[in-house]
Amino acid sequence: MKPEHDPLSATIRRAEVTAPAGPSDIVDMDLRPDTVLSVLEADQLVVAKEHPRFGQRQLSQGVRLLLWGLRLYVIAMMALVAIQVVNAVRGGGH
Amino acid sequence: MEERSESLRTRPASVAPGPDLPERGVSGGITHEDVDRARDRLAVERARRAGSAGMPLARRLLPLWFLIGPGVLVFLGENDAPSMLSYAATGAQYGIGFFVPFVLVTFLAGFVVQEMTVRLGAVTHRGHAELIFDRFGRFWGRFAMGDLVIGNFLTLVTEFIGIRAGLSFFGVPPLTAVGGAMVLIFGVILTHRYWTWERITLGLAVFNGLFVPAALLAHPQWGMIGNSFLTWSPVPAGGVLKPDVMLLIMADIGATVTPWMLFFQQSAVVDKGLQPRDIRAGRTDTMLGTLLATAFAIATIVATAPLFAHGIKASDFQAAQFAQALQPLIGRVGATLFALGIFEAGLLAAMTISTSSAYAFGEVLHKPHSLNRPLWEGWAFYGVLVASAFAAAALVLIPNAPLTYIVLIVNVIAVLAMPPALLFLVLLVNDHAVMGEHTNGLWANIAVVTVTVLLVLAGLGYGLVTVFPKFLGGG
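Going down the list, the sequences are from chains A and B.
Under our numbering, residues 3 to 96 are what the first sequence spells out, in order.
Under our numbering, residues 36 to 510 are what the second sequence spells out, in order.
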């Protein structure tokens, strides 16, 4: 596609314009708002991130079992680590 | 492959639709953060246009220059103070042998995992913590956050231990070392520009390579290194099921795969503004980080192998002691490089890990959470970043605090906390509503499930030899 017909090239050329039109809160930015909107995906905008994008999923029985199983594994292992640390401190090993 | 010309305003059809954006005028709703991110995107697109097919190689690689960052930072950040000390302890206690190829395998496992965070971040534009809370609810989200907060804080403590210990080789007092690091951490975020923060930390990360010249000054036996890759030998005397060996195995695994890496890289990918069309570059960035970190980790093992060869007992060494013990063997320059490397490892990781905590905090509480935000807009985000680092730094300065053992044990904790984090990752990256066409393929799922199972088995093995040292023939 020739650069003059490529919408993105046109966007890049427009971005070179340093006289934005808009309220004072963006007057010190050298990008036009429409340029920002054209290079970012809709979900990348800060205003879009103010709301959760995805709802909560339904967890199957198997997934719940896995989550709980691994959670209990972590708790048990942390207890073992604590035992090892206490033994090491008492033994003066470290 | 020619880049598809596509409207960057169009969300891929296979991805779940996001919320309707409020009606606004030409400039309404655009923030400073959006502008900075758009500026970064334009730089990428300009580089892509300049590096089209037929142009010189340097021009064609230019987009990669703009897109690398999160992957290199996460892996070189994971080569942090406790990790480098784990590798140093490995080399000092067991020399060149089993652990050299083992470390390579752990980094490959790390790549498998981290690549998925690139896809998650580029497709969803949401951080890891936020996605967990959104898809799994507050109950499971709080568990994930609990693991992250505890792990990150303990790890931050060890980073400042490394900073203090590394600079103590040069006679720098602890308060000066730790205080100076805090000044640097705070100074970098004052740029309130993700791109600038990333480039400064990448520049710092390069110094993780200081372990390479230190290794060369140790005059390694290259044949022995090559033989270790081929034969995974020599194996530690008494086998790998001894408690001391298992501890180092766990520490070395934890030096490569830890929960904070998942949260950091995905959030950094989002803050950097990567999009689905950048996934391939993000993968390259991650592989580059993997290779560099692997090389530097193995270099550390090689650098301290002379201690093993000379029968010097190093099991209780701290960073400065490694450098001091190495000096007669690899010279003052080599020891200096080693100590500087430990300092760099601690400082870089302190920056990245405190940032990962701040990202997670902001995502979960829906506060502004971007390094593109000015201080006054992102005060909560920056506050968490600085406060977490400050609390860890303060702990390191407490006289007689039990710091030595924490350095090795914190990596063990990271390994143990990893399986639940990997389960969330696997579920998210296979979630069609979230990932659309970018879900895991069969081989990626086989790889990540294998990594998860191996981590669980390693943890169980560690537990067994801890409770029953002679059960598996060790001890």
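We put the beta carbon where it would ideally sit given N, CA and C, even for glycine.
What you are looking at is a predicted structure, and each value in this text was computed from that prediction instead of being measured.
Between the Cα of Q58/A and the Cα atoms of E150/B, V469/B, R72/B, which residue gives the shortest distance?
-> By 1-based counting over the first sequence, the position of residue 58/A is 56. Q58/A has its Cα closest to that of V469/B, out of E150/B, V469/B, R72/B.
Can you tell me the Cα-Cα spacing of F137/B and Y122/B, whole angstroms?
-> Position 102 of the second sequence holds residue 137/B. Position 87 of the second sequence holds residue 122/B. Their backbone Cα atoms lie some 11 Å apart in a straight line.
Give a yes or no on contact between the stretch 181-196 of chain B and the stretch 110-121 of chain B, applying the rule of three or more CB pairs nearer than 8 Å.
-> yes
Would you check if there are 3 or more beta carbon pairs closer than 8 Å linking the stretch 243-258 of chain B to the stretch 89-104 of chain B?
-> no
Tell me, please, whether the stretch 389-408 of chain B touches the stretch 224-236 of chain B by the rule of three or more beta-carbon pairs shorter than 8 Å.
-> yes
Rounded C-alpha distance that separates L77/B from D71/B | Indexing the second sequence from 1 puts residue 77/B at position 42. Indexing the second sequence from 1 puts residue 71/B at position 36. C-alpha of L77/B to C-alpha of D71/B: approximately 10 Å in a straight line.
Where Q86/A meets chain B, residues with beta-carbon distance less than 7 Å = The sequence position of residue 86/A within the first sequence is 84, counting from 1. T501, listed in chain order.
Have a look at G132/B, Y497/B, D466/B and flag the residue whose alpha-carbon is nearest the alpha-carbon of A268/B.
-> Start at 1 with the first residue of the second sequence, and residue 268/B comes out as number 233. Ala is not the amino acid found at residue 268/B; the sequence shown has Ser there. If we check each option's Cα against that of S268/B, G132/B comes out closest.
Cα-Cα separation between R59/B and D69/B, rounded to whole angstroms | On the second sequence, residue 59/B is found 24 positions in, with the first residue counted as 1. On the second sequence, residue 69/B is found 34 positions in, with the first residue counted as 1. Confidence in R59/B is poor, its pLDDT being 36 and thus under 50, which makes the residue's placement too unreliable to answer from.
Three-state secondary structure assigned by DSSP to W70/A | Counted from its first residue, the first sequence places residue 70/A at position 68. Residue state, collapsed to three classes: helix.
Under 8 Å (Cβ pairs) to chain B, residues found in the stretch 55-83 of chain A = R55, F56, G57, Q58, R59, L61, V65, L68, L69, L72, R73, Y75, V76, A78, M79, M80, L82, V83
Beta carbon of L202/B nearer than 9 Å to that of A212/B | Indexing the second sequence from 1 puts residue 202/B at position 167. Indexing the second sequence from 1 puts residue 212/B at position 177. A contact, by the Cβ cut-off of 9 Å.
Mind checking if G172/B is an interface residue toward chain A, Cβ cutoff 9 Å exclusive?
-> Position 137 of the second sequence, counted from the start, is the residue given in the question as residue 172/B. For G172/B, the answer is yes, since a Cβ of chain A falls inside 9 Å of its Cβ.
On a CA-only basis, which of L183/B, D320/B, V153/B, R170/B is nearest S62/A? Give me that one, please.
-> Within the first sequence, numbered from 1, the residue matching residue 62/A stands at position 60. For S62/A, the nearest C-alpha among the options comes from R170/B.
Hey, how far is the Cα of M31/A from the Cα of T66/B?
-> Translated into positions along the first sequence, residue 31/A becomes position 29. Translated into positions along the second sequence, residue 66/B becomes position 31. Any reading at M31/A must be qualified, since the residue scores a pLDDT of 48, below 50, and its modelled position is unreliable; no value is offered.
Residue from A290/B, D287/B, D320/B, G289/B whose Cα sits closest to the Cα of A303/B | Residue mapping note: residue 303/B aligns to position 268 of the second sequence, counting from 1. Residue D320/B is the option with its Cα nearest to A303/B.
At a CB-CB cut-off below 8 Å, which residues of chain A make contact with W175/B?
-> Sequence index remark: in the second sequence, residue 175/B carries index 140 (1-based). Using a Cβ-Cβ cut-off of 8 Å, W175/B is close to L69 of chain A, given in chain order.
For Q128/B, the first and last residue of its enclosing alpha helix (DSSP H) | Taking the second sequence and counting its residues from 1, one reaches residue 128/B at position 93. Its alpha helix (DSSP H) spans residues 116-129.
Alpha-carbon to alpha-carbon, Q359/B and G366/B | Position 331 of the second sequence, counting from 1, holds the residue named residue 366/B. Position 324 of the second sequence, counting from 1, holds the residue named residue 359/B. If you take the alpha carbons of G366/B and Q359/B, they lie about 10 Å apart.
F195/B beta carbon less than 9 Å from that of A344/B | One-based indexing of the second sequence puts residue 344/B at position 309. One-based indexing of the second sequence puts residue 195/B at position 160. For A344/B and F195/B, no; Cβs fall outside 9 Å.
Nearest-angstrom Cα separation, counted from L265/B out to G206/B | Against the second sequence, residue 206/B aligns to sequence position 171. Against the second sequence, residue 265/B aligns to sequence position 230. Those two C-alpha atoms are separated by around 42 Å.
Taking the alpha-carbon positions, what's the R511/B to G369/B distance?
-> Lying before the first or after the last residue shown, residue 511/B is absent from chain B, which here runs from 36 to 510.
E68/B touches chain A at which residues, Cβ-Cβ below 8 Å?
-> Here residue 68/B corresponds to residue number 33 of the second sequence, with the count starting at 1. Going along chain A in sequence order, the residues near E68/B (Cβ under 8 Å) are V48.
Classify F511/B as buried or exposed, calling it buried when 16 or more other Cβ atoms lie within 10 Å of its own Cβ.
-> Only positions 36 to 510 of chain B appear in this structure, which leaves residue 511/B out of reach.
Which runs of the alpha helix (DSSP H) spanning at least 4 residues fall entirely within the stretch 151-221 of chain B, listed in chain order?
-> 163-203
T325/B versus L42/A - alpha carbon distance = As a position in the second sequence, residue 325/B is number 290, starting the count at 1. As a position in the first sequence, residue 42/A is number 40, starting the count at 1. So the two alpha carbons sit approximately 29 Å from each other.
From V223/B, L245/B, H227/B, G244/B, residue whose alpha carbon lies closest to that of T236/B = In the second sequence, counting from the first residue as 1, residue 236/B sits at position 201. That would be V223/B, whose Cα lies nearest to the Cα of T236/B.
Mark E472/B as exposed unless 16 or more other C-beta atoms lie within 10 angstroms of its C-beta, in which case mark it buried.
-> For the purposes of this step, residue 472/B is taken as the residue at position 437 of the second sequence. So E472/B ends up on the exposed side.
Step through the CB atoms of chain A and report whether any lies within less than 9 Å of the CB of R154/B.
-> Mapped onto the second sequence, residue 154/B falls at position 119. No, because no Cβ of chain A sits closer than 9 Å to the Cβ of R154/B.
Exposed or buried, A73/B, counting other C-beta atoms within 10 Å across all chains shown (16 or more means buried)?
-> Locating residue 73/B in the second sequence gives position 38, counting from the first residue. It is buried - the Cβ of A73/B has at least 16 other Cβ atoms within 10 Å.
What's the call for N475/B, buried or exposed, on a 16-neighbour Cβ count within 10 Å?
-> Numbered from its first residue, the second sequence carries residue 475/B at position 440. Buried: at least 16 other Cβ atoms inside 10 Å.
Straight-line gap, F146/B to A179/B (C-alpha atoms, nearest Å) = Position 111 of the second sequence, counted from the start, is the residue given in the question as residue 146/B. Position 144 of the second sequence, counted from the start, is the residue given in the question as residue 179/B. If you take the alpha carbons of F146/B and A179/B, they lie about 21 Å apart.
Would you mind reading off the limits of the alpha helix (DSSP H) that contains S62/A?
-> In the first sequence, counting from the first residue as 1, residue 62/A sits at position 60. Run containing S62/A: none; DSSP gives neither H nor E here.
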